[in-house]
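Undergrad: Below you'll find the structure I mean.
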Amino acid sequence: MYSLGIDSSTQGTKAVVYDAVAGKVVASASVNYGRDLPEFSSPDGFLPNADSRIRRANPEMWVRGLGLVLKRLKDSGAPMGEIAAVGGCAQQHATVCLGDGGSFTRVDCPIWMDSSTGEEVSALDARFGNALRERTGSPAIERFAAAQVMKFAREKPEAYVRTARVHLLSSFLASLLAGEDAPVDVGDGAGMNLLDLRSLEWDAEICEFAAPGLAAKLPHIHRPGDAPLRLADRFAEFGLRPGIPVVPFTGDNPASLVGCGAERPGCAVISLGTSDTFFAAMPDFRTDPDGFGHVFGNPCGGFMSLSCFKNGSLARDRVRRECGADWRFFDETAFDLTLPGNGGKRAFPYFETELTPKHDATGIEANFDWNAAAPETKIRAVVEGQIANMRERTRWIGDFSTICVTGGASRSKGILSVIHDIFGAEVKTLDATDSAAIGGARLAAMAIHDDGGAE
Ligand code: XUL
Numbered sequence: 263m264y265s266l267g268i269d270s271s272t273q274g275t276k277a278v279v280y281d282a283v284a285g286k287v288v289a290s291a292s293v294n295y296g297r298d299l300p301e302f303s304s305p306d307g308f309l310p311n312a313d314s315r316i317r318r319a320n321p322e323m324w325v326r327g328l329g330l331v332l333k334r335l336k337d338s339g340a341p342m343g344e345i346a347a348v349g350g351c352a353q354q355h356a357t358v359c360l361g362d363g364g365s366f367t368r369v370d371c372p373i374w375m376d377s378s379t380g381e382e383v384s385a386l387d388a389r390f391g392n393a394l395r396e397r398t399g400s401p402a403i404e405r406f407a408a409a410q411v412m413k414f415a416r417e418k419p420e421a422y423v424r425t426a427r428v429h430l431l432s433s434f435l436a437s438l439l440a441g442e443d444a445p446v447d448v449g450d451g452a453g454m455n456l457l458d459l460r461s462l463e464w465d466a467e468i469c470e471f472a473a474p475g476l477a478a479k480l481p482h483i484h485r486p487g488d489a490p491l492r493l494a495d496r497f498a499e500f501g502l503r504p505g506i507p508v509v510p511f512t513g514d515n516p517a518s519l520v521g522c523g524a525e526r527p528g529c530a531v532i533s534l535g536t537s538d539t540f541f542a543a544m545p546d547f548r549t550d551p552d553g554f555g556h557v558f559g560n561p562c563g564g565f566m567s568l569s570c571f572k573n574g575s576l577a578r579d580r581v582r583r584e585c586g587a588d589w590r591f592f593d594e595t596a597f598d599l600t601l602p603g604n605g606g607k608r609a610f611p612y613f614e615t616e617l618t619p620k621h622d623a624t625g626i627e628a629n630f631d632w633n634a635a636a637p638e639t640k641i642r643a644v645v646e647g648q649i650a651n652m653r654e655r656t657r658w659i660g661d662f663s664t665i666c667v668t669g670g671a672s673r674s675k676g677i678l679s680v681i682h683d684i685f686g687a688e689v690k691t692l693d694a695t696d697s698a699a700i701g702g703a704r705l706a707a708m709a710i711h712d713d714g715g716a717e
């Protein structure tokens with residue numbers, strides 16, 4: 263008995279068919295928005311904009327990504343008819359606005375990379391101050407729904423009024439699969455600045471301050487253990503069995519926590535993707551005193567911590583290209599040619615406005631002559647800069663003797679050795695790099711179990 267896990271990430275959609283008993287992926291497929299859906303003019307998964315604070319995408323691209331990945335999975339001969347439940351996740355914080363008939367009332371949805379809501383963040387801060395962190399697990403954050411919807415309602419009041427439902431991308435995709443309005447899960451829902459993490463209810467006061475009538479436009483909340491939805495008939499087209507459980511989708515980071523088997527406290531996870539993230543299951547509710555990190559719901563119950571670094575894999579790729587290096591050189595050779603510590607040479611890539619710490623998009627900031635340095639020196643300097651910054655900014659989460667590293671860049675022996683050196687921890691990787699999709703599939707497998715089947 264298999265489960266299906268879907269991950270709608272920044273740069274594409276992935277799907278895995280997972281055997282939860284054997285703990286392995288039996289089939290997979292992927293779609294890259296830049297290569298496979300060029301008609302959306304989003305080579306990196308968002309519409310290019312000269313203002314690096316504005317990062318938006320056409321939601322139709324995510325709908326097409328879902329259909330295409332299922333078609334590819336079916337065409338690859340995956341055992342679609344033996345799939346007993348569906349789960350999944352999406353990039354966090356992207357909001358999708360729907361009118362009464364389900365049409366989009368906003369065709370340029372802000373994604374997690376958007377940081378154009380400085381004014382709204384100041385207004386939330388001025389009104390709620392520290393209470394926002396205490397109630398929702400995070401201070402006012404540019405990419406979160408409260409600030410994003412506040413801006414939308416202010417700039418496009420007529421479109422906001424026509425909006426009947428404000429979904430996260432995760433709950434929107436689950437709605438498509440179920441053919442009915444899906445709830446927001448507590449993992450992804452916590453990344454909105456709207457959810458009271460103690461009561462697991464929408465905070466009526468913050469919602470109303472963000473935009474008039476917002477609470478009524480939000481989906482209901484799915485708590486760990488609530489009943490799943492059911493797959494809509496039209497997915498029979500892909501060989502799936504209508505009526506199988508669909509577990510409400512969560513965010514890609516909460517899903518990765520489960521995909522790495524780190525849903526119980528003990529092991530931290532570093533996910534190296536478009537964003538680099540550091541997270542761990544949290545036994546108690548504790549917020550970042552410096553205000554950069556977040557507390558999210560853990561889809562398996564309780565909480566998780568998370569710190570997010572925006573200049574992740576796209577920054578590494580840009581440095582690699584600027585160095586004229588291939589991936590083998592970037593992932594391995596550069597680290598064989600240099601020593602840990604790099605003789606004190608360190609560089610920080612700020613190609614996108616950074617979240618942790620807050621920093622404008624100024625490009626490379628190095629403590630040595632960047633242009634004159636050898637490629638291997640630049641590469642180690644950037645990787646050590648990224649990981650040292652991560653270490654400093656995640657001390658509030660705690661010390662861990664084991665770190666599970668996932669995401670595309672976890673294939674890099676060089677990066678893994680830097681994580682080991684800087685965190686002083688044992689470093690583990692998964693056989694598959696798709697921990698977010700696997701996490702969705704594992705959550706679905708738990709629902710088969712609850713449904714009377716075997717995990
Ligand atoms: C987490 C965050 C990113 C996205 C990437 O808060 O913004 O990690 O989830 O998909």
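So the sequence shown is numbered by the numbering used here: it starts at 263 and just counts up by one. Think of the CB as a built atom: it goes at the ideal place given N, C-alpha and C, for glycine as much as any other residue. Source: prediction; values computed, not measured.
Return yes when the C-beta of S575 is under 8 Å from any heavy atom of the ligand XUL, and no when it is not.
TA: Because no heavy atom of the ligand XUL lies under 8 Å away, the Cβ of S575 does not count as near it: no.
Undergrad: Does the stretch 696 to 704 come close enough to the stretch 513 to 526 that 3 or more CB-CB pairs lie under 8 Å?
TA: Contact between the stretch 513 to 526 and the stretch 696 to 704 is present, because at least three Cβ pairs lie under 8 Å.
Undergrad: Could you give the distance in angstroms between the alpha-carbon of G669 and the alpha-carbon of G702?
TA: Roughly 15 Å between the two C-alpha positions.
Undergrad: Is K675 buried or exposed, if buried means 16 or more other CB atoms sit within 10 Å of its CB?
TA: It is exposed - the Cβ of K675 has fewer than 16 other Cβ atoms within 10 Å.
Undergrad: For the structure I just gave you, are there three or more beta carbon pairs, one from the stretch 320 to 337 and one from the stretch 440 to 450, closer than 8 Å?
TA: No contact exists between the stretch 320 to 337 and the stretch 440 to 450.
Undergrad: So G625 is in the beta strand (DSSP E); what residue range does that whole segment cover?
TA: That run of the beta strand (DSSP E) goes 625 to 628.
Undergrad: Strictly by DSSP, which residues pair up with T668?
TA: Answer by DSSP bridge pairing, in chain order: S533.
Undergrad: Pick out whichever of R485, N294, T367 has its Cα sitting closest to the Cα of C562.
TA: When only C-alpha atoms are compared, the closest one is R485.
Undergrad: Is S433 near D450, with beta carbons less than 9 Å apart?
TA: Cβ atoms of S433 and D450: closer than 9 Å.
Undergrad: Roughly how many whole angstroms lie between the Cα atoms of G475 and I649?
TA: Taking the straight line from one Cα to the other gives about 42 Å.
Undergrad: Alpha carbon to alpha carbon, what distance is there between M375 and V279?
TA: Whole-angstrom Cα-Cα distance: 29 Å.
Undergrad: Taking just the CA atoms, how far does F547 sit from D465?
TA: So the two alpha carbons sit approximately 17 Å from each other.
Undergrad: Can you tell me which residues form a DSSP beta bridge with Y280?
TA: S265, V287, per the DSSP bridge assignment.
Undergrad: Who are the near neighbours of G204 in its chain, counting only those whose CB is closer than 6 Å to its CB and skipping five residues on each side?
TA: Outside the displayed span of the chain (263 to 717) sits residue 204, for which this structure offers no information.
Undergrad: Can C522 and C351 be called in contact, C-beta distance under 9 Å?
TA: It is not a contact, given that the beta carbons lie outside the stated cut-off.
Undergrad: Would you list the residues whose beta-carbon is nearer than 7 Å to any heavy atom of the ligand XUL, in the order they occur in the chain?
TA: Result (chain order): S271, T272, Q353, Q354, H355, W374, R405, G453, G513, D514, N515, G535, T536, S537, T539, H556, L568, C570.
Undergrad: What are the boundary residues of the alpha helix (DSSP H) that includes K413?
TA: K413 -> alpha helix (DSSP H) spans 407 to 417.
Undergrad: Whose CA, out of D370, R492, S303, F390, lies closest to the CA of I710?
TA: When only C-alpha atoms are compared, the closest one is R492.
Undergrad: I'd like to check one pair, M412 with A356: are the Cβ atoms closer than 9 Å?
TA: No, Cβ-Cβ distance for A356 and M412 is not below 9 Å.
Undergrad: If you reduce the DSSP assignment to three classes, tell me which class T275 lands in.
TA: T275: strand per DSSP, three-state reduction.
Undergrad: Could you give the distance in angstroms between the alpha-carbon of G343 and the alpha-carbon of A436?
TA: So the alpha carbons of these two residues sit roughly 19 Å apart.
Undergrad: Taking all protein chains shown into account, decide if T624 is buried (16 or more other Cβ within 10 angstroms of its Cβ) or exposed.
TA: It counts as exposed.
Undergrad: Look at the alpha carbon of F540 and the alpha carbon of V531, and state the distance between them as a whole number of angstroms.
TA: About 6 Å.
Undergrad: What are the partner residues of W589, as DSSP defines its beta bridges?
TA: In the DSSP output, where bridge partners are listed per residue, W589 has none listed.
Undergrad: If you run the structure through DSSP and keep just helix, strand and coil, what is V423?
TA: Note: V423 maps to helix in three-state DSSP.
Undergrad: Can you give the Cα-Cα distance for A543 and G399, rounded to whole angstroms?
TA: Whole-angstrom Cα-Cα distance: 14 Å.
Undergrad: With distances taken from CA atoms, which of R642, L601, T595 is nearest P611?
TA: The option with the nearest alpha carbon to P611 is R642.
Undergrad: Return helix, strand or coil for C351, following the three-state DSSP convention.
TA: DSSP places C351 in strand when its eight states are reduced to three.
Undergrad: Consult DSSP for F245 and reduce its assignment to one of helix, strand or coil.
TA: Beyond the ends of the chain as shown, which are 263 and 717, falls residue 245; an answer cannot be given.
Undergrad: Please list the terminal residues of the continuous beta strand (DSSP E) segment that includes M566.
TA: Note, M566: beta strand (DSSP E), 565 to 571.
Undergrad: Over the uninterrupted beta strand (DSSP E) stretch that includes P611, give me the two end residues.
TA: 609 to 612 is the extent of the beta strand (DSSP E) around P611.
Undergrad: Do you know how far the Cα of R315 is from the Cα of T615?
TA: If you take the alpha carbons of T615 and R315, they lie about 7 Å apart.
Undergrad: Quick one: Cα of R655 to Cα of T536, how far?
TA: Going by the C-alpha atoms only, they are around 18 Å apart.
Undergrad: Using a Cβ-Cβ cutoff of less than 8 Å, which residues in the same chain neighbour E717 once the five nearest sequence positions on both sides are dropped?
TA: At E717 the pLDDT is 39, less than 50, meaning the model places this residue with poor confidence; the figure from the coordinates comes in the next sentence. Result list for E717: A282, V283, A707, M708, I710, H711, in chain order.
Undergrad: Using a Cβ-Cβ cut-off of 7 Å (strictly less than) and excluding sequence neighbours within five positions of K479, which residues of its own chain qualify?
TA: For K479, where only same-chain residues beyond five positions count, the Cβ hits under 7 Å are T425, A426, R427, V428.
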